[in-house]
Each structure stands twice: as C-alpha cells, then as structure tokens.
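First residue of the sequence shown? That's 1 in our numbering, and the numbers climb one at a time after it. The C-beta atom is built at its ideal place from N, Cα and C for all residues, glycine as well. A quick write-up on the structure given underneath.
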Amino acid sequence: MSTETEQDLQTERMVVNMGPSHPVTHGTVKFVVTLDGERIEHVDVSIGYLHRGFEKMCENSTWEQVFPYTDRLNYCSPLLNNVGYALAVEKLIGIEATPRAQWIRVIISEIARIIDHQTNIAAFSMELGGFSPFLYLMETREMLWDVLEDMTGARLTANYVRIGGLKNDVPDNFREQIRAALKKCGPLVSDCDKLLTKNRIFLDRVRDVGVMNAEDSIASGFTGPCIRAAGVAYDVRKAHPYLTYDQINFDIPVGEAGDNFDRYMVRMEEMRQSERIIEQALDRVPDGPINLNIPSMRWQSKDDIGSRIESLIFHFKTVTEGILVPAGEIYHATEAANGELGFYLVSDGSGRPHKCRVRSPSFALTSAMGRLVKGGFLSDIIPTFDMINMIGGECDR
1 MSTETEQDLQ
11 TERMVVNMGP
21 SHPVTHGTVK
31 FVVTLDGERI
41 EHVDVSIGYL
51 HRGFEKMCEN
61 STWEQVFPYT
71 DRLNYCSPLL
81 NNVGYALAVE
91 KLIGIEATPR
101 AQWIRVIISE
111 IARIIDHQTN
121 IAAFSMELGG
131 FSPFLYLMET
141 REMLWDVLED
151 MTGARLTANY
161 VRIGGLKNDV
171 PDNFREQIRA
181 ALKKCGPLVS
191 DCDKLLTKNR
201 IFLDRVRDVG
211 VMNAEDSIAS
221 GFTGPCIRAA
231 GVAYDVRKAH
241 PYLTYDQINF
251 DIPVGEAGDN
261 FDRYMVRMEE
271 MRQSERIIEQ
281 ALDRVPDGPI
291 NLNIPSMRWQ
301 SKDDIGSRIE
311 SLIFHFKTVT
321 EGILVPAGEI
331 YHATEAANGE
341 LGFYLVSDGS
351 GRPHKCRVRS
361 PSFALTSAMG
371 RLVKGGFLSD
381 IIPTFDMINM
391 IGGECDR
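Okay, structure coming up:
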C-alpha cells in the first residue's frame with residue numbers, strides 16, 4: 001500500500017476515559033487513553049482522586065496514634081505497615097523490641113505478605129475471566145484472617161504493633177493454629193497454580209505484556225515483585241536486614257522477561273517462601289516479654305494501669321502528651337508486599353511527629369503505567385494494572 005493511500009485511510013485518534021469510577025481502576029485512578037484503533041499510543045495516569053491527608057494527619061497525632069493510619073496505607077497487608085513504622089520510630093529513639101516481639105513481627109509480616117499476594121492474584125484472575133481461582137484464594141485468605149484475628153484481635157486493620165513491642169501477646173496455641181491454616185491453604189494455592197500457570201488463554205493475556213527491562217525498572221523506581229520480575233534480586237529483607245531476617249534461610253525469586261507473567265510467577269513463589277520463613281520463625285519464637293520495660297516509651301497494658309500507680313501516671317502522660325521522641329530525623333525501609341516501604345520521620349523532641357513522609361511502593365509503580373502499556377492493546381491495561389497492584393491508600397498525595 002502506498003504512503004499516499006495510508007495517509008488517506010488514517011483517522012483521528014480516539015481518547016477514552018477509564019475511571020475514576022470504573023471496575024478496572026478500582027475507584028481511585030483515572031486513565032486517559034489515546035488509541036489508534038485498539039492500540040495504545042499514550043496513557044495519562046491521574047491518581048488525584050483520594051485525599052485522606054495521611055502525612056498531615058500524622059503531624060497532628062501522637063507517635064502512637066499514627067499506627068491506625070498506617071493500617072490504611074496498604075489495606076491488603078496492614079501489619080506490614082505497622083511493622084515498618086514501628087521500626088522507623090524505634091530507630092529514631094535508639095531502641096529495639098524484645099526478641100519475642102521481633103520474631104512475632106516476622107510471623108505476622110509474612111502472613112500479611114501471603115494475604116496480599118493472594119488478594120492480588122485473585123483479583124488479577126477474576127478480571128481476566130478466571131472466577132474459580134478467585135474463590136479459592138478468597139477462601140485461603142479467610143483462613144489466614146481467622147488466624148490474625150486470634151493473634152491480634154482484628155481481621156484487617158489490626159493496629160497491633162506498638163513502639164517497643166506489640167499490643168498483646170499471641171495465644172498459647174498460635175503455632176498449631178498457623179500450621180493448620182497453612183496446611184489447608186497449600187492445596188488451594190496449588191489448585192490455582194494448576195488452573196492458571198499453563199492455561200492457554202491466561203498465557204496469551206499476560207506473556208510479553210507490560211514488559212519493563214531491568215534498567216528501565218530501576219530508573220522508574222520499581223521495587224518488590226515488579227523489580228524482581230525483571231531479573232533484579234533486590235529485597236530489603238536481604239539487602240538491609242531488619243528484625244531477625246538475617247537469621248532465616250529463604251530465597252529471592254526472580255524472573256527474566258519483566259512481563260506480567262513473571263510478576264505473577266514471582267508472587268506465587270514468594271508465597272511459598274513466606275511459608276518457609278514462617279515455619280522457621282515458629283520454631284524460634286522465645287519466651288519472654290513482648291514489650292520493652294521502658295514505661296516512658298510505650299503505652300501501658302490495662303493490667304498494669306489498674307494495679308500500678310506508676311503505670312497509670314505514665315499512661316496519662318503518654319496519652320495526653322505523647323511519647324517524647326528525641327529530636328532528629330531518620331529514614332527506615334522494610335520489604336512490604338509491593339516493594340520498599342520507607343518512612344522518613346523528623347522529630348522536634350515533642351510527642352508528635354514534626355514530619356512523617358512515606359515512601360510507598362505503589363506510587364512509583366503507578367507512575368510507570370503509561371510506559372508499561374504503550375504500544376499494547378486496550379485490553380492489556382487490565383492485567384498490567386493488576387500486576388503492579390496499585391493500592392490507592394499508598395498513592396494518596
């Protein structure tokens with residue numbers, strides 16, 4: 001066909017708005033898509049549809065009152081946010097939680113990571129037409145939520161971690177509960193693996209879609225499963241160990257192509273690695289206190305408040321004034337389900353954060369959406385957006 005004929009056949013580009021009220025964009029994101037037929041020429045991503053003011057709310061709350069707000073950053077794995085924030089404050093103060101609290105934090109973090117990956121793959125599967133894996137993974141998530149409810153007192157937004165320790169100790173039979181739940185979950189996850197991983201329709205929708213090589217992934221600020229899918233074995237738990245991860249044996253799964261299929265496979269393997277971590281941690285949780293014996297740096301237990309006058313005094317002071325964190329600034333990162341979750345904290349010596357800035361993994365991942373889907377089809381937006389696993393609460397700016 002001649003160039004002149006091609007020019008005559010060209011039509012105007014179509015601009016399609018997806019979101020912010022759209023099942024694919026999960027309610028808080030808008031894609032302005034420029035199409036040539038069904039081919040994507042450009043995507044403008046707008047995340048400004050959720051305004052909760054997380055960082056400003058933290059500056060008007062005491063250090064301990066920030067914990068419920070962190071629950072709502074990544075609401076698929078709130079406990080990972082609890083742990084990340086607590087470690088940042090403890091680093092600023094210069095304290096470490098007790099050995100028992102550290103091992104329990106590892107266990108709840110890995111359970112939360114499994115739940116997050118299950119939620120992601122379940123939604124991913126359903127939006128591509130696979131309803132059975134969605135049901136199986138929701139069933140396993142319910143089992144693990146039952147475990148977390150017994151351990152923390154809540155199923156989702158647990159508000160469980162405290163500066164210097166934990167809100168409460170775990171039940172005596174927590175080891176048996178966790179192992180029983182994981183034993184039931186394993187076959188269901190394996191069934192999802194069999195239903196999806198070699199499914200012809202599934203492979204056609206995700207292979208060579210949303211490709212980002214290692215160099216571009218690093219330049220875009222990718223972390224977590226998305227950077228590992230591109231072949232970069234970066235995991236904060238290995239690169240900058242915290243809690244007791246340096247005492248635990250586990251592998252970092254990596255991909256090769258950096259496409260949506262590799263991101264899916266990395267998450268599937270990470271669930272198995274998290275089970276491996278939990279098994280090791282369950283055997284090594286020591287006896288002892290779950291909180292540091294520094295009354296000025298932690299909220300008092302209800303038993304102590306009712307029986308000890310000094311605990312009642314410290315409770316009154318820490319609730320009304322807040323814990324007095326030494327003046328200074330700190331950045332501390334942990335490995336959340338979607339990547340590096342970092343808290344930059346500034347203290348002026350008072351009971352409230354002067355500044356609380358969160359480095360959320362979803363923000364960097366979402367900013368690359370236009371690059372990931374350019375040149376693909378309109379339908380490629382769905383699996384790609386699912387596999388970066390954007391969480392609106394983290395992207396709040």
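Shown here for R371: same chain residues with a beta carbon closer than 8 Å to its own, the five before and five after excluded, namely M212, D216 and S220 in chain order. Within the same chain, and ignoring the five residues on either side of D235 in sequence, the residues whose Cβ sits closer than 8 Å to its Cβ are R228, I252 and E335. Here the alpha carbon of E59 sits roughly 29 Å from the alpha carbon of D169.
In this structure, the alpha-carbon of G84 lies about 31 Å from that of D44. Of the residues assessed, M14 falls on the exposed side of the cut-off, its CB having fewer than 16 other CB atoms within 10 angstroms. For Y344, there is no enclosing alpha helix (DSSP H); the residue is found in the beta strand (DSSP E) stretching over G339 to S347. For E64, no beta strand (DSSP E) segment is defined, and its DSSP state is neither H nor E.
Positions of the beta strand (DSSP E) runs, each at least 3 residues long and wholly inside the region 58 to 119, cannot be given because no such run exists.
Pairwise C-beta distances place the region 170 to 179 out of contact with the region 123 to 140, as fewer than three of them are shorter than 8 Å. Here G37 is exposed: its Cβ has fewer than 16 other Cβ atoms, across all protein chains shown, within 10 Å.
Ranked by how close their Cα comes to the Cα of A281, the residues E12, R105, C395 and A88 have R105 in first place. DSSP, reduced to helix, strand and coil, places F131 within a helical segment of the structure shown. Taking E139 as the centre and dropping the five residues before and after it, the same chain places the C-beta of L188 closer than 7 Å to its C-beta, in chain order. The region 90 to 98 and the region 150 to 158 do not touch, with fewer than three beta-carbon pairs separated by less than 8 Å.
Scanning its chain for C-beta atoms nearer than 6 Å, with the 5 sequence neighbours on each side dropped, one finds around R175 the residues L282, in chain order. Between F377 and the set A88, L80, E12 and G210, the nearest pair of CA atoms involves G210.
In the DSSP assignment, Y331 is bridged to Y344. Q247 is classed as exposed because its beta carbon has fewer than 16 other beta carbons within 10 Å across all chains shown.
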